[in-house]
Every structure is written in structure tokens, then in C-alpha cells.
Amino acid sequence: AYILSLPASPHQAAAADHLTIDPAALAPPDGPLVIEGAGGLMVPLTRQTLFIDVFARWKLPVVLCARTALGTINHTLLSLEAIRARAIPLLGVAFIGAENAESEAIIAEKGAVKRLGRLPILSPLTRDSLARAMAQNFRREDFL
3 AYILSLPASP HQAAAADHLT IDPAALAPPD GPLVIEGAGG LMVPLTRQTL
53 FIDVFARWKL PVVLCARTAL GTINHTLLSL EAIRARAIPL LGVAFIGAEN
103 AESEAIIAEK GAVKRLGRLP ILSPLTRDSL ARAMAQNFRR EDFL
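Just so you know, we're using our numbering here: the sequence shown kicks off at 3 and counts up by one.
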């Protein structure tokens with residue numbers, strides 16, 4: 003694991019901290035794993051390796067998380083193309099934010115992807131509020 007102090011892409015933050023990220027040393031543990039690609043799929047871990055390159059090497063199923071705000075259609079469809087171009091297994095898209103039924107529907111349709119559900123913005127965000135929202139908006143079996 004790497005702990006970086008600069009709020010920037012990992013390649014830049016590592017350089018600022020005089021660290022070298024070794025993507026080959028990154029390996030998923032056995033069992034369930036949630037990874038947030040800090041900044042997105044195409045963010046560089048190093049000058050040679052993007053997050054998506056590591057995900058492609060691991061060949062683990064991906065849940066693409068997409069915001070529901072303006073710009074999400076283009077961003078999400080491009081991300082889906084990148085995932086598929088690298089033959090990364092895809093479980094579906096989980097939306098995050100206020101309901102935007104038309105954007106969610108067109109992404110599912112044009113992206114030929116399963117819509118897993120939508121997580122609203124939670125205030126306050128607590129373990130209990132998150133558990134309730136997940137139970138109300140997602141089906142556990144879609145993630146297995």
C-alpha cells in the first residue's frame with residue numbers, strides 16, 4: 003500500500019513524496035475487494051501505467067461508478083469503451099447522486115450495460131445510512 007500526501011494523481015503525488023509506485027507489486031487479496039481508482043480509470047499510477055492497466059491485469063469484475071450530474075453520459079460511455087477494449091469483466095454501472103432517470107437509461111441502453119442501482123447523496127453519511135441506502139437501491143446478488 004502507498005500513502006501519499008499530495009492530493010494529485012498517484013504518479014504526481016508519489017514523485018512529490020519521493021516514492022516509486024511499482025504496479026507489478028500490486029496484487030488483489032483473496033476475497034471481496036473495493037478499489038477506488040483515485041481520479042478514474044485513465045489516471046496514471048506511474049508514467050507508464052494507468053489504473054485501468056492494473057485492472058486489466060487482474061481480470062476481476064468491475065463495477066463502474068458514475069455520477070448523475072451533467073457530463074456523465076459522455077464520461078461513462080467512454081469509460082465503458084475503455085473497459086471493454088481491455089477485456090475487463092464488467093458487472094454493471096452504479097450511479098451516484100440525485101436521480102437522473104434519462105441519463106441513467108441512455109447510459110444503460112447505449113452502453114449495453116446493466117444498471118445496478120443509484121446511491122443518493124447521503125447527509126449525514128454514516129455506516130447505518132449507507133447500509134440502508136444500499137439495501138434500498140441495490141441487489142446484493144448483482145455484485146456476486
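Glycine included, C-beta positions come from ideal geometry on N, C-alpha and C.
Note that the structure is predicted; figures quoted are calculated from it, not measured.
Distance from ALA16 to ILE23 at the Cβ level is roughly 5 Å; contact confirmed, criterion being Cβ atoms closer than 8 Å.
Collapsing the DSSP output to three states places VAL95 in a strand.
By the C-beta density criterion, LEU47 is buried, having at least 16 other C-beta atoms within 10 angstroms.
For the region 53 to 104, the full-length beta strand (DSSP E) segments reaching 3 residues or more read 64 to 69, 92 to 98 along the chain. LEU66 is not a Cβ neighbour of ILE54, given a cutoff of 8 Å. Taking every protein chain shown into account, the CB of ARG120 has 16 or more other CB atoms within 10 angstroms, so this residue is buried. Between the C-alpha atoms of ALA114 and HIS20 there is a straight-line separation of about 42 Å. ARG134: member of the alpha helix (DSSP H) spanning 129 to 139, first to last residue. Contact between THR78 and VAL56 fails: their C-beta atoms lie close to 20 Å from each other, not under 8 Å. One alpha carbon belongs to SER105, the other to LYS116, and they sit about 14 Å apart.
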